[in-house]
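Peer 1: Protein chains in written order, with this note's numbering: chain A, 293 to 513; chain B, 14 to 262. We put the beta carbon where it would ideally sit given N, CA and C, even for glycine.
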């Protein structure tokens, strides 16, 4: 195989933004529509799932890039010798959080996929029941806590990752540009996490209550 | 009247293979001491804090004015030069450890061979030898000279390598200093002639992609070299070279 860690790492960096980061934003937008109404959310889900060649789009624009980004990311994360006690600088802390949130997000995505998309694929849940499915999952306080932590972790990983992406591709070069970029992306982090949490609150509301509770209980054991 | 003393806790190691251990020292205070003059005191009178006879602590030093980098060690948890570590400004007991990202030879003496190997790998020089007189090189713009001069202050001391979380036994990351040296030699009007050769050395295993943006390097560099600016600038250069190679080869 040709290539070396330079290209593997660059690919990891690129895929993290295009398409994985773009998918995260799309996912956030769709979920946020739940704050408007279950119908508006369902309409968007219907539009997305009705896209032509949707399975190919999922495979090549979500699953494969996400798998590569996640697995190579774990390899990168566990190569670091974290040293925050000796060097408590802001960026070193962010370096560690980037790795912690990456691992949290990876584990969450595996679970989340198994609970939602996989269930649709297995025929256990219909596409128009997804809102009710999430409502039922979130009715468990532990699951709700996990979801809140995970969406905040994913938002952080994306926003701080965008900061690092701009450095790693040589776009924000000087210290001032990098500092302003920090403010911009931390602002984005606050907005993104708020939108995700707002969506979770909306899904927990009674209007998303469905009648697949029994099914869910059997899935969650 | 009891004499004022200073306390040291030194991490010692008798040989590269043996286990490190700590030994405490208490030496008489003199005004304006630095860590090196304290170590010299131990050398003159090799007694530990309990009054027992011991071997003198080994360390390296040359210039004593923070331009050679030889006396770099971890002082109170921070990698820095012992010559400019003034006892009056340090919290006691003063803890001395070797920079153990590098192989420890003995006590505070480390082997920094990997840094020189790194400079060779990235071709941190300007080839001017030929079979005839090449004449004077082109001039360098003053504005460029000013920032390039900052990069030239690197003394290969190893402090940035020690502080970097991505330089360790699990990776082969070359370290921040070498990336900055590529930028320095590429900035030189004559060095620029071999620009792509140097940049390409950062696009191999253990090259620039090993940087994880923890930015410890720029915080600890004793010469205040803008290492992270150099890394970001070289990120752009390697990206450009990558596309250039793809579309022209």
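1) Within its chain, find whatever has a CB closer than 8 Å to the CB of residue 287 of chain A; leave out the 5 residues flanking it on each side and keep chain order.
2) Closest to residue 424 of chain A by CA distance: which of A/393, A/337, A/403 is it?
3) Consider the C-beta atom of residue 350 of chain A and the heavy atoms of the ligand SAH; say whether any pair is separated by less than 8 Å.
4) State buried or exposed for residue 265 of chain A, treating a residue as buried only when at least 16 other CB atoms are found within 10 Å of its CB.
5) Do we get a CB-CB distance below 9 Å when we pair residue 244 of chain B with the residues of chain A?
6) So what's residue 211 of chain B in DSSP terms, helix, strand or just coil?
7) Keeping to the same chain, check which residues put their C-beta closer than 7 Å to that of residue 211 of chain B; ignore five residues upstream and five downstream.
8) DSSP has residue 41 of chain B in a bridge; who is on the other side?
9) Closer than 8 Å is the cut-off here; do at least three beta carbon pairs connect the region 441–458 of chain A with the region 366–382 of chain A?
10) So what's residue 357 of chain A in DSSP terms, helix, strand or just coil?
11) Any residues in the region 470–495 of chain A with a beta carbon nearer than 7 Å to a beta carbon of chain B? Which ones, in chain order?
12) Count the CB pairs spanning the region 336–354 of chain A and the region 381–398 of chain A that are closer than 8 Å, and state whether there are at least three.
13) Which ranges does the alpha helix (DSSP H) cover as unbroken runs of at least 4 residues, wholly within the region 338–389 of chain A, from first to last along the chain?
14) Identify the contact partners of residue 216 of chain B in chain A, using a Cβ-Cβ distance below 7 Å as the criterion.
15) Bridge partners for residue 85 of chain B per DSSP, in chain order?
16) Going by DSSP, what residues sit across from residue 35 of chain B in a beta bridge?
17) Once DSSP output is grouped into helix, strand and coil, what is the label at residue 66 of chain B?
18) Alpha carbon to alpha carbon, what distance is there between residue 493 of chain A and residue 293 of chain A?
19) Could you spell out the range, first to last residue, of the beta strand (DSSP E) harbouring residue 110 of chain B?
20) Could you please give the first and the last residue of the uninterrupted alpha helix (DSSP H) stretch that includes residue 119 of chain B?
21) With a threshold of 8 Å on Cβ separation, who are the neighbours of residue 502 of chain A within its own chain once the five nearest residues in sequence on each side are excluded?
22) With 9 Å set as the bound, which would you pick, yes or no: does the beta-carbon of residue 220 of chain B sit closer than that to a beta-carbon of chain A?
23) Under the assumption that residue 22 of chain B contacts residue 127 of chain B (Cβ atoms under 8 Å), give the Cβ distance between them as a whole number of angstroms.
24) Kindly indicate the opening and closing residues of the alpha helix (DSSP H) around residue 421 of chain A.
25) I need the DSSP call for residue 135 of chain B, collapsed to helix, strand or coil.
26) Residue 302 of chain A CB to nearest chain B CB: under 9 Å?
27) Using the beta-carbon of each residue, which ones in chain B are nearer than 8 Å to residue 461 of chain A?
28) Between which two residues does the alpha helix (DSSP H) holding residue 57 of chain B run?
29) Does any residue of chain B bring its CB to less than 9 Å from the CB of residue 398 of chain A?
30) Pull out every residue of the region 168–197 of chain B whose Cβ sits closer than 7 Å to any Cβ of chain A, in chain order.
31) Go through its chain and collect everything with a Cβ distance to residue 176 of chain B's Cβ below 8 Å, but skip five positions before and after it.
32) On a Cα-Cα basis, can you pick out the residue from A/340, A/307, A/460, A/442 that is closest to residue 363 of chain A?
33) For residue 468 of chain A, tell me which candidate among B/169, B/191, B/248, B/239 has the shortest Cα-Cα distance.
34) What residue range is occupied by the uninterrupted alpha helix (DSSP H) comprising residue 441 of chain A?
35) Taking residue 372 of chain A as the query, report the chain B residues whose CB atoms sit under 7 Å from its CB, ordered along the chain.
36) Please go through the same chain and pick out, in chain order, the residues whose beta-carbon is closer than 6 Å to the beta-carbon of residue 97 of chain B, but skip the five residues on each side of it.
Peer 2: The relevant details are as follows:
1) The question about residue 287 of chain A has no answer here: the residues shown for chain A are numbered 293 through 513.
2) The residue with the shortest Cα to Cα distance from residue 424 of chain A is A/337.
3) Among the ligands in the structure shown, none appear at all, so the ligand SAH cannot be discussed.
4) For residue 265 of chain A there is no data in the structure shown, the boundaries of chain A being 293 and 513.
5) Using beta-carbon distances, residue 244 of chain B counts as an interface residue toward chain A, with a partner under 9 Å.
6) In the structure shown, the three-state DSSP call for residue 211 of chain B is helix.
7) Taking residue 211 of chain B as the centre and dropping the five residues before and after it, the same chain places the C-beta of 135, 136, 195, 198, 199 closer than 7 Å to its C-beta, in chain order.
8) Beta-bridge annotation (DSSP): residue 41 of chain B is paired with B/18.
9) They do not touch, by the three-pair rule.
10) Note: residue 357 of chain A maps to helix in three-state DSSP.
11) When C-beta distances to chain B are compared with 7 Å, every residue of the region 470–495 of chain A stays at or above that value.
12) Here the region 336–354 of chain A does not lie against the region 381–398 of chain A, with fewer than 3 beta-carbon pairs under 8 Å apart.
13) Fully enclosed alpha helix (DSSP H) runs of 4 or longer: 346–350, 356–369.
14) By Cβ distance, chain A contributes 298.
15) Bridge partners of residue 85 of chain B: B/94.
16) Note: residue 35 of chain B sits in a beta bridge opposite B/24.
17) The answer is strand: DSSP assigns residue 66 of chain B an E or B state.
18) Its pLDDT being 39, under 50, residue 293 of chain A is placed unreliably in this model, and the value from its coordinates should be taken loosely. Each residue's alpha carbon lies about 48 Å from the other.
19) Taken as a continuous stretch (DSSP letters only), the beta strand (DSSP E) holding residue 110 of chain B covers 107–110.
20) That residue, residue 119 of chain B, is in no alpha helix (DSSP H); its beta strand (DSSP E) goes 117–119.
21) So the list reads 421, 423, 424, 425, 427, 428, once near-sequence residues are dropped.
22) Chain A contact via Cβ: present.
23) Between residue 22 of chain B and residue 127 of chain B the beta-carbon gap is near 27 Å, outside 8 Å, which marks them as no contact.
24) Counting along the chain, residue 421 of chain A falls outside any alpha helix (DSSP H), and DSSP gives it neither H nor E.
25) In the three-state reduction of the DSSP assignment, residue 135 of chain B falls in the coil class.
26) Residue-level contact check: residue 302 of chain A touches chain B, since one or more beta carbons of chain B fall below 9 Å from its beta carbon.
27) Neighbours of residue 461 of chain A in chain B, taken as residues whose beta carbon is under 8 Å from its own, are 248, 249, 252 in chain order.
28) Its alpha helix (DSSP H) spans residues 48–57.
29) Chain B contact via Cβ: absent.
30) Residues passing the 7 Å Cβ filter: 176, 178, 179, 181, 183, 184.
31) Excluding sequence neighbours, residue 176 of chain B sits near 92, 229, 230, 232, 233.
32) Distances from the alpha-carbon of residue 363 of chain A to those of A/340, A/307, A/460, A/442 put A/307 closest.
33) It is B/239 whose Cα lies nearest to the Cα of residue 468 of chain A.
34) From DSSP, the alpha helix (DSSP H) with residue 441 of chain A extends over 433–460.
35) For residue 372 of chain A, the neighbours in chain B by C-beta distance under 7 Å run, in chain order, 178, 179, 225.
36) The beta carbon of residue 97 of chain B is closer than 6 Å to those of 79 in its chain, skipping five residues each way along the sequence.
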